[in-house]
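Protein chains in written order, with our numbering: chain A, 1 to 212; chain B, 1001 to 1173. Quick reminder that beta carbons are idealized off the backbone N, C-alpha and C, glycines included. On a predicted model such as this, the values are computed, not experimentally measured, just so you know.
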């Protein structure tokens, strides 16, 4: 049960997937034209259109080659829906992750189990909320809930991305849901890895791109 | 009607107006002088109206792609060829010869990346021109339509690189 983000790369550019784009006003352009001596044979509308498209191409060029497949973490042991929560929680801890994909027998992604899902099932919105309850009553988390299967409280459907998803698609996908990680799906529909939001953010940070 | 009141390029500075005036004066003086001293009394003509339009571009809109050497020379030559051919083939139907000449000139200038608005005038002049123009046949392509723009080009190359604020050409080919 996966869904592709609704926006795809054939859509026209918008402010949402081009956050670095500055909206130039006629006055900005005319001011700039004043600074260039001689008659410029172009309207402000044409200039803006060229600028937008050129900016888009520049972004694509700068960040081409950085795809979900290159950024994702490959070493991920996914959960299956029938695993009880009590066994799933150590898996988060061992892998150092706060979200784990939930897959079926063919490694097709059914959903994602996040720390938030677990906390909500324990009756808390946040870790501190849970801590406050444990301090008050240390028996509160020793309930039957922990033996219920992962499939009951995972987030599904989950927003996932293909291996070749680039900046624009990843940005739209992360913007479209609150999660901190997204499953990356190979061409045959199986789980390929997990893309962490923090890895995505630092990869596209202009000052931290020396490794590219 | 589509379009808006915004977006027109600003008026140029006064020095720029003066530079445009001087450039056009020198360019057209060279063309007219050559016409007067070498072509007066011959069956050939050297000054055609479309050169005035070319002067607007090469001295008034120096940076425009339409004003670059490729467009200046290519646009006139291609359009003149089209115009003379249309006169010779379709001259019996003047309205058809005129319209086909201008339309075809635009199409060929597009295809060859030599779009130069005065080319349309050159094509039209080849059709509606005087008996002298018609009598020249394809010599019209050589004399006014190649050499005329070449004189303007030389003038533009010499003059448009004098002011610090000007540069010509932006590109050659």
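- The three-state secondary structure of residue 101 of chain A, taken from DSSP, is strand.
- Within the model, the alpha-carbon separation for residue 137 of chain A versus residue 86 of chain A is close to 19 Å.
- Residues of chain A whose Cβ lies closer than 8 Å to the Cβ of residue 1066 of chain B are, in chain order, 41.
- Chain-order list of chain A residues neighbouring residue 1016 of chain B: 37, 38, 39, by C-beta distance under 8 Å.
- For residue 26 of chain A, the nearest beta carbon of chain B is closer than 8 Å to its own beta carbon.
- By the C-beta criterion, the region 1035-1051 of chain B is judged to be in contact with the region 1127-1147 of chain B, since at least 3 inter-stretch pairs fall below 8 Å.
- Following the DSSP letters along the chain, one finds residue 1169 of chain B in no alpha helix (DSSP H), marked with neither H nor E.
- Minimum Cα-Cα distance from residue 72 of chain A among the listed residues A:44, A:194, A:175 corresponds to A:194.
- The beta carbon of residue 53 of chain A sits no closer than 8 Å to any beta carbon of chain B.
- For residue 1060 of chain B, the C-beta contacts it makes with chain A under 7 Å involve 39, in order along the chain.
- Proximity of the region 59-79 of chain A to the region 182-199 of chain A meets the contact definition, three or more beta-carbon pairs being nearer than 8 Å.
- Between the region 1054-1070 of chain B and the region 39-51 of chain A there are three or more C-beta pairs closer than 8 Å, enough to call the two in contact.
- Put simply, the CB of residue 154 of chain A is far from chain B, with every gap to its CB atoms at 8 Å or more.
- Annotated as proximal: residue 1069 of chain B and residue 1169 of chain B, with beta-carbon spacing under 8 Å.
- As the crow flies, the alpha-carbon of residue 134 of chain A is around 23 Å from that of residue 99 of chain A.
- When DSSP assignments are scanned along the region 1046-1125 of chain B, the uninterrupted stretches of alpha helix (DSSP H) that are 4 or more residues long and fall wholly within it turn out to be 1049-1055, 1069-1090, 1094-1111.
- Listed as beta-bridge partners of residue 185 of chain A by DSSP are A:162, A:191.
- Contact of residue 1063 of chain B with chain A is assigned, a C-beta pair being separated by under 8 Å.
- Taken through DSSP and simplified to helix, strand or coil, residue 83 of chain A comes out as coil.
- With at least 16 other beta carbons inside 10 angstroms of its own, residue 1081 of chain B counts as buried.
- For the set A:123, A:57, A:68, the Cα lying nearest the Cα of residue 174 of chain A is the one of A:68.
- Looking from the CA of residue 180 of chain A, the closest CA among A:201, A:164, A:167, A:35 belongs to A:201.
- The alpha-carbon of residue 1151 of chain B is positioned some 33 Å away from that of residue 47 of chain A.
- A Cβ-Cβ contact shorter than 8 Å links residue 1126 of chain B with residue 1101 of chain B.
- Excluding the 5 residues flanking it on each side, residue 153 of chain A has same chain C-beta neighbours closer than 6 Å at 117, 121, in chain order.
- Here residue 1092 of chain B is exposed, its C-beta having fewer than 16 other C-beta atoms within 10 Å.
- Taking a 10 Å sphere around the C-beta of residue 1135 of chain B, we find fewer than 16 other C-beta atoms and assign the residue as exposed.
- Among the residues of chain B, those whose CB is under 7 Å from the CB of residue 30 of chain A are 1010, following chain order.
- Taking a 10 Å sphere around the C-beta of residue 1079 of chain B, we find 16 or more other C-beta atoms and assign the residue as buried.
- If you look at residue 109 of chain A, you'll find it isn't in any alpha helix (DSSP H); it sits in the beta strand (DSSP E) that goes 109-114.
- Within its own chain, the residues whose Cβ lies closer than 7 Å to the Cβ of residue 127 of chain A, once the five positions on either side in sequence are excluded, are 119, listed in chain order.
- With its beta carbon at least 8 Å from every one in chain A, residue 1155 of chain B lies outside the interface.
- Nearest Cα to residue 60 of chain A within the set A:168, A:161, A:34: A:168.
- With respect to the 8 Å criterion, residue 1077 of chain B and residue 1051 of chain B are not classified as neighbours on the basis of their beta carbons.
- Under a 10 Å Cβ-count criterion, residue 64 of chain A is classified as exposed, with fewer than 16 other Cβ atoms of the shown protein chains found around its own Cβ.
- Taking the beta carbon of residue 34 of chain A as reference, the chain B residues within 7 Å of it are 1010, listed in sequence order.
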